[in-house]
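Q: Counting in our numbering, the sequence shown tops out at residue 124, every number present.
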Amino acid sequence: MYSVNRCPEYHFVGKTFAVMMMVLVGFVGNAIGDERPNIVLIMADDMGFSDIGCYG
Numbered sequence: 069m070y071s072v073n074r075c076p077e078y079h080f081v082g083k084t085f086a087v088m089m090m091v092l093v094g095f096v097g098n099a100i101g102d103e104r105p106n107i108v109l110i111m112a113d114d115m116g117f118s119d120i121g122c123y124g
């Protein structure tokens, strides 16, 4: 059974990970400079939730 006391640990780890990722993205953004971003736009029509999957 899960302990209620472990919940704050997970929140701390999640918040720490989020802050570290934001810092990393900031450093990478400064290193890239003035290059134009690569943007991919994918549009699809008449698709259901079961039409896309990892095996086709």
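All C-beta atoms in this analysis are idealised placements derived from N, C-alpha and C, irrespective of residue type, glycine included.
Being a predicted model, the structure only gives us computed values, none of them experimental.
Three-state secondary structure (DSSP) at Val-81?
A: Val-81 sits in a helix when the DSSP states are folded into three classes.
Q: Just the Cα atoms here: how many angstroms apart are Met-89 and Arg-104?
A: 22 Å
Q: If you run the structure through DSSP and keep just helix, strand and coil, what is Ala-86?
A: helix
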